[in-house]
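Residue numbers (the working numbering), protein chains in the order written: chain B, 1 to 184; chain G, 1001 to 1156.
A virtual CB, placed ideally from N, CA and C, is assigned to each residue, including glycine.
Note that the structure is a prediction, hence the values are computed from the model and not measured.
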């Protein structure tokens, strides 16, 4: 378990860790006692995956994988919410600053909107804003996490996944470090 | 033919030259995985099978990967005694770094899992790397000793 400073990231990380913990505790009982799976699954799935030990173990392997994929998506979604809120606030501050201080022809041609234009919609846009601003290793880790998130979210079909899966601890900690860098 | 058309034709030729032959990539990936299984079954762990300590089974499975589409490959399951199973499962033929990933894990034990990554050396040669973490210092060439060490650790 790692220490996460951002409150939003911290709470989602704690929920995800708890889900993982509950799953792991339950899974332990399935080994050597396949019928324990029936206590975990909805009533309608009772005896569906618990007839053979191997089938039950396959089910728990896939359950763990699904929990991991969902954790990656949930952490990235929270991160997006945080960084986009910060981006919009910064955009608003800059816009007001220019409005207050800019002289014609800036204001006259209404061109200030073109200089500070609220156009970033995706995480990739935020990442390009951070190029050269935050530590390169941290930025590369963030890009890897974003690629992994896209790979999962887009049905594992249109982008190459990273060769190695970051742990939930590593993902949460990296995203938290990026938020801290942005706030600095 | 106008200049624009000629330039377009040149560009098309260049694009075709640069784009990988994904059909061949897919075939080579499936062959690489099969070859890895063959090495484990017929070479590295043959003695364990002879002594009845390991049993191998191949389970065909379908994969759908970026760029190369759908294909049939296989999962290899190693059955040990006492209801313990080790699994080699191809995850994807395409990875951002390296050139494909197989996961090696113990069934029902999520923390007993490791990535085995394919590294293409040249058109005819590749090697398999065991990756214990993202750090390249934790990446080792896969061989019998590494695999045995890992299983030994998992069975403790």
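Asked, Found
"Look at the Cβ atom of residue 1025(G), then the Cβ atom of residue 1058(G), and state whether they are nearer than 8 Å.", "no"
"Determine whether the beta carbon atoms of residue 1077(G) and residue 1091(G) lie at a separation below 8 Å.", "no"
"Whose C-alpha, out of 135(B), 12(B), 39(B), is nearest the C-alpha of residue 73(B)?", "12(B)"
"For residue 13(B), would you say it is in contact with chain G, using Cβ-to-Cβ distances shorter than 8 Å as the test?", "no"
"Which whole runs of the alpha helix (DSSP H) in the region 6-39 of chain B are 4 residues long or more, in chain order?", "7-30"
"If you measure from the beta carbon of residue 18(B) to each beta carbon in chain D, is any gap under 8 Å?", "Here chain D cannot be found, since the structure's protein chains are B and G."
"Out of 1107(G), 1101(G), 1080(G), point me to the one whose CA is closest to residue 1051(G)'s CA.", "1080(G)"
"Looking at chain G, which residues of the region 48-63 of chain B have a Cβ within less than 9 Å of any of its Cβ atoms?", "53, 54, 56, 57, 58, 60, 61"
"Starting from residue 1115(G), follow its DSSP beta bridges and name the residues at the other end.", "1103(G), 1131(G)"
"So residue 133(B) packs on residue 146(B), CB below 8 Å; how close in whole Å?", "At roughly 16 Å, the Cβ-Cβ gap does not stay under 8 Å, so residue 133(B) and residue 146(B) are not in contact."
"Could you check what DSSP says for residue 1055(G) in three-state terms: helix, strand or coil?", "strand"
"Are any of the Cβ atoms in chain G nearer than 8 Å to that of residue 179(B)?", "no"
"In three-state terms, what does DSSP make of residue 1068(G)?", "coil"
"Look at the Cβ atom of residue 1096(G), then the Cβ atom of residue 1065(G), and state whether they are nearer than 8 Å.", "no"
"Does the region 95-102 of chain B come into contact with the region 15-30 of chain B, if we say contact requires no fewer than three beta-carbon pairs (one atom in each stretch) closer than 8 Å?", "no"
"Using a Cβ cut-off of 7 Å, pull out every chain G residue sitting near residue 159(B), in sequence order please.", "1066"
"Against chain G, does residue 30(B) count as a neighbour if the rule is that its beta carbon must be under 8 Å from one of theirs?", "yes"
"What do you get for residue 1063(G), buried or exposed, if any count of 16 or more other CB atoms within 10 angstroms of its CB means buried?", "buried"
"Looking at the unbroken alpha helix (DSSP H) that takes in residue 89(B), where does it start and where does it end?", "53-101"
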